[in-house]
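Numbering (my numbering), first residue to last: 3 to 132.
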């Protein structure tokens with residue numbers, strides 16, 4: 003199983019991490035297990051939506067397998083729109099958004115999880131960067 007397509011109900015009342023990543027990226031492969039553990043620990047409040055930066059759909063499927071993240075379909079227009087809207091220029095990138103409003107809370111989700119894993123969810127719920 004390589005992730006489920008994103009559905010609105012799964013994101014309402016949650017903090018959402020838009021995870022821009024790819025299997026060919028060494029730092030992404032290092033951060034993904036950290037994010038998976040964080041996601042599992044805070045699943046009541048937090049969802050990860052994987053936005054692939056892989057070179058092909060097959061590469062994406064291989065990379066996302068077993069991580070338990072929701073995903074944006076590789077071929078969908080919304081994938082490229084999200085990359086542009088979030089101004090992703092390097093990966094891994096974790097953009098934190100409010101699951102109800104879609105408002106960006108922080109573009110520094112990766113740093114927050116690495117520096118303050120025990121407090122960033124509470125900060126994000128308050129609308130601060132963590």
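Even for Gly, the Cβ is constructed at its ideal location relative to N, Cα and C.
Proximity below 9 Å, CB of residue i to CB of residue j
{"i": "residue 22", "j": "residue 88", "result": "yes"}
{"i": "residue 36", "j": "residue 115", "result": "yes"}
{"i": "residue 26", "j": "residue 56", "result": "yes"}
{"i": "residue 68", "j": "residue 13", "result": "no"}
Own chain, CB closer than 7 Å to residue i, minus 5 neighbours either side, in chain order
{"i": "residue 123", "result": "17, 44, 47, 48"}
{"i": "residue 30", "result": "23, 24, 93, 94"}
Beta-ladder partner(s) of residue i, from DSSP
{"i": "residue 17", "result": "48, 100"}
{"i": "residue 22", "result": "53, 95"}
{"i": "residue 133", "result": "Summary: the structure shown does not reach residue 133, with the chain confined to residues 3 through 132, and so no result is reported for it."}
Rounded distance between the beta-carbons of residue j and residue i, thought under 8 Å
{"i": "residue 20", "j": "residue 63", "result": "So it is not a contact: roughly 19 Å between Cβ atoms."}
CA-to-CA distance, residue j to residue i, given in whole angstroms
{"i": "residue 107", "j": "residue 130", "result": "6 Å"}
{"i": "residue 59", "j": "residue 81", "result": "12 Å"}
Close beta carbons around residue i, own chain, < 8 Å, minus the five adjacent residues each side
{"i": "residue 85", "result": "22, 53, 55"}
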